[in-house]
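Visitor:
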Amino acid sequence: MGLLTVLSALSLLGEAAYAAEFNIGRHISVAPYPKEDTMLPLAEFSVPFTAKAPRRSSKTSALAALRGKPANTTRSKAFGAGDASTVAVDGGNFDNEYLTNVTIGGQHFSLIIDTGSSDTWVAQKGFNCFDLDGNPVSPDNCAFGTDGFDTAVSKTFRLFPNVSFNITYGDGEFLSGPVGFDTVTIGGLSIAHQEIGVPTLAAWRGDGINTGFVGLAFPVETSVYNTTDPTKASNENQLPYSPLFFSAFFSLAFDRASFHQEVNDPFDPNLGFLSFGGIAPVPVVNRAVTVPIQGYSATKGIPSNGPGSEFFFYTVDVEAYTFPGSNRVFTANNNTVLDSGTTLNLLPADVAAAYNAQFYPEAVLDPDFGVYIVDCNARVPDFSVVIGGKTFSIDARDQILPASTDDEGNIICMTGTQDGGPDVADGIFVLGDVFLHNVVATFNPVAGEVTLTQRAKY
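Counting in the working numbering, the sequence shown runs from 54 upward without gaps.
#1: Distance, Cα to Cα, Pro345 vs Val206?
#2: Please identify the residue among Val492, Gly261, Leu397 and Asn219 whose C-alpha is closest to the C-alpha of Gly250.
#3: My output table needs one value for His161: the three-state DSSP class, helix, strand or coil.
#4: Considering Cα atoms alone, identify which of Phe364, Phe365, Leu391 and Pro360 is closest to Val371.
#5: So, with DSSP's three-state summary, where would you put Thr156?
#6: Taking DSSP's pairing of strands, which residues face Thr275 in a bridge?
#7: Can you round the beta-carbon distance between Thr264 and Phe162 to whole angstroms, since I take them to be within the 8 angstroms contact cut?
#8: Determine the contact status of Thr343 and Pro87, defining contact as a CB-CB distance below 9 angstroms.
#9: Specify the secondary structure class of Asp403 as computed by DSSP and reduced to three states.
#10: Using a Cβ-Cβ cutoff of less than 6 angstroms, which residues in the same chain neighbour Gly325 once the five nearest sequence positions on both sides are dropped?
#11: Could you please give me the residues that DSSP links to Gln452 through a beta bridge?
#12: Can you tell me whether DSSP reads Glu523 as helix, strand or coil?
#13: Excluding five sequence neighbours on each side, which residues of the same chain lie with their C-beta closer than 7 angstroms to the C-beta of Cys195?
#14: Do Asp451 and Asn497 have their beta-carbon atoms positioned less than 9 angstroms apart in this structure?
#15: Do you know offhand how far Pro455's Cα is from Thr153's?
#16: Give me the Cα-Cα distance between Phe329 and Asp460, rounded to the nearest whole angstrom.
#17: Sort out for me which residues DSSP pairs Trp257 with in a bridge.
#18: Would the segment 210-226 count as touching the segment 274-293 if we require 3 or more Cβ pairs under 8 angstroms?
#19: Nearest-angstrom Cα distance between Ala96 and Phe303?
#20: For Thr113, which residues of its own chain have a beta-carbon under 7 angstroms away from its beta-carbon, when the five flanking residues on both sides are left out?
#21: Between the beta-carbon of Thr156 and the beta-carbon of Thr236, is there less than 9 angstroms?
#22: DSSP three-state call for Cys195: helix, strand or coil?
#23: Please specify which runs of the alpha helix (DSSP H), each continuous and at least 4 residues long, are wholly inside the segment 432-490, giving them in chain order.
#24: Using the beta-carbon count (16 or more within 10 Å), is Arg432 buried or exposed?
#25: Using CA atoms only, rank isn't needed, just tell me which of Thr395, Glu415 and Lys285 is closest to Tyr151.
#26: Rounded to whole angstroms, what is the Cα-Cα separation between Ala405 and Glu502?
#27: To the nearest angstrom, how far is the alpha carbon of Phe482 from that of Gly187?
#28: If distances are taken between C-alpha atoms only, which option among Lys510, Asp428, Glu315 and Thr281 comes closest to Phe446?
#29: Which whole-angstrom value describes the C-beta separation of Ile465 and Val316, a residue pair presumed to lie in contact below a C-beta threshold of 8 angstroms?
#30: Give the single residue among Ser217, Gly441, Phe436 and Ile262 whose Cα lies nearest to the Cα of Asp282.
#31: Please report the Cβ distance between Thr470 and Asn387, rounded to the nearest whole angstrom; I am assuming they are in contact, meaning their Cβ atoms lie under 8 angstroms.
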């Protein structure tokens with residue numbers, strides 16, 4: 054990303070030891086000390102999903118698209134609370150798409166929830182569809198869940214003139230079009246005059262269910278520009294705005310599907326909750342910590358929570374990864390994003406290699422796709438993540454995922470902890486749904502904090 058410039062060397066220390074740790078070389082930061090045993094109120098209002106979400110067509114070749122992550126067209130790739138509210142979450146099979154019912158201007162949609170992006174957008178009725186090479190195709194090819202948002206029908210929609218919404222995702226999907234303001238409602242909570250993108254141009258490989266995104270990251274990552282010409286969108290004319298519900302904390306609890314569901318059932322209803330103003334209503338154990346969200350110096354590009362720092366993702370400091378049979382190493386940085394838009398844990402290459410070697414039979418790095426393939430019935434080694442002095446364990450069921458099938462129809466499995474790239478100072482790593490299935494993550498973007506609470510085994 055170019056913003057992360059933590060300097061420390063990769064050093065191998067000690068002999069192999071049971072339940073040893075990969076320790077993270079600490080950077081200097083002025084962030085406050087973690088708050089332990091944080092007690093949060095329970096969200097009082099819950100609205101279950103009515104929609105069911107099949108796997109997206111773009112994920113049927115998931116191995117090839119594994120590394121795709123949202124990226125702004127011009128940047129490398131950021132809510133006072135009312136009554137506490139909760140809405141149940143659906144998930145698309147295999148990958149990272151958790152959907153919730155959203156009402157915009159009186160019209161109902163299933164939208165993807167993503168803590169790794171910031172914009173709320175919904176395809177506009179009459180949109181033009183393109184393939185990933187930019188060639189016009191039938192709107193059916195974009196496979197949105199509806200015909201789109203009809204701005205003419207909404208009694209509360211107001212156009213934002215002379216600006217545009219432009220975003221490109223890591224797998225080549227893109228959207229562009231007007232920007233407006235309307236009333237957005239999720240789980241009984243309504244925000245009037247919320248800024249949203251209503252793209253009229255879309256290259257999208259949909260699932261037939263979702264019609265857009267709810268981005269819950271920070272204003273600096275929004276994708277509205279002071280131009281109506283998408284080719285002229287740049288950092289210089291970006292117009293940051295507050296994402297949906299940015300002024301109050303929200304809580305995410307993602308439930309895992311069973312292996313059988315992942316393989317055989319295209320529909321995964323009620324896979325958790327998105328809660329507002331309180332912790333999601335799932336059983337937890339007495340292990341929690343509140344840690345600062347890591348910002349970055351706008352002038353020096355180094356991790357900082359001091360004056361002038363900016364926030365991009367929900368980045369936290371990871372102190373250690375713990376698993377049997379590992380060695381101790383120091384890594385170049387500990388900047389790790391909590392991202393509901395990524396299925397897997399994408400960790401430093403050396404961490405991923407050492408952990409995948411502990412599966413029995415051992416997971417093997419596929420040279421063509423760059424991912425660790427494993428026997429679907431392999432024995433899974435324990436794995437924990439240490440954040441703020443608290444150890445959060447990951448259930449073994451999250452560490453083996455069905456990825457594809459071979460020519461004979463046999464299921465090919467991959468591990469849940471994958472190589473996130475070389476361990477360099479400007480790298481960034483991800484704890485995705487494999488980790489988030491095991492905690493309740495409660496975000497307070499205004500205070501710059503996230504509370505992690507270990508879930509009870511389920």
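From the three backbone atoms N, C-alpha and C, an ideal C-beta is built for every residue, glycine too.
Guide: Short version:
#1: Those two C-alpha atoms are separated by around 43 angstroms.
#2: Nearest option by C-alpha distance: Asn219.
#3: Three-state result, His161: strand.
#4: Between Val371 and the set Phe364, Phe365, Leu391 and Pro360, the nearest pair of CA atoms involves Leu391.
#5: Residue state, collapsed to three classes: strand.
#6: None, per the DSSP bridge assignment.
#7: Contact between Thr264 and Phe162 is confirmed by a C-beta separation of about 5 angstroms, below the 8 angstroms threshold.
#8: Yes, Cβ-Cβ distance for Thr343 and Pro87 is below 9 angstroms.
#9: Helix.
#10: Once the five neighbours on either side are set aside, the close Cβ partners of Gly325 are Val142, Ala306, Phe307 and Asp308.
#11: Beta-bridge pairing by DSSP links Gln452 to no other residue.
#12: No statement about residue 523 is possible, as the shown extent of the chain runs from 54 to 511 and does not include it.
#13: Cβ within range, chain order: Cys182, Ala255, Trp257 and Gly259.
#14: No, they are not a contact pair.
#15: Whole-angstrom Cα-Cα distance: 24 angstroms.
#16: The alpha-carbon atoms of Phe329 and Asp460 are separated by roughly 45 angstroms.
#17: Residue pairing from DSSP leaves Trp257 without any beta-bridge partner.
#18: Verdict: yes, contact present.
#19: If I take the Cα positions, the gap works out to 10 angstroms.
#20: For Thr113, the pLDDT reaches just 32, beneath the cut-off of 50, and the residue's location in the model is therefore unreliable, although a value from the coordinates is still provided. Counting only Cβ-Cβ distances below 7 angstroms, and skipping sequence neighbours, we find nothing.
#21: Taking 9 angstroms as the Cβ cut-off, Thr156 and Thr236 qualify as a contacting pair.
#22: Here Cys195 sits in helix by DSSP.
#23: When DSSP assignments are scanned along the segment 432-490, the uninterrupted stretches of alpha helix (DSSP H) that are 4 or more residues long and fall wholly within it turn out to be 486-489.
#24: Burial call: exposed.
#25: Of Thr395, Glu415 and Lys285, the smallest CA-CA separation from Tyr151 is found for Thr395.
#26: Cα-Cα distance, rounded: 27 angstroms.
#27: The alpha-carbon of Phe482 is positioned some 31 angstroms away from that of Gly187.
#28: First, the residue type needs correcting, since residue 446 is Ser and not Phe in the sequence shown. The shortest C-alpha separation from Ser446 is found at Lys510.
#29: Actually they are not in contact, since the Cβ atoms of Ile465 and Val316 sit about 11 angstroms apart, beyond 8 angstroms.
#30: Comparing Cα positions, the closest option is Ser217.
#31: For a cut-off of 8 angstroms, the C-beta gap from Thr470 to Asn387 is around 16 angstroms, too long to register as a contact.
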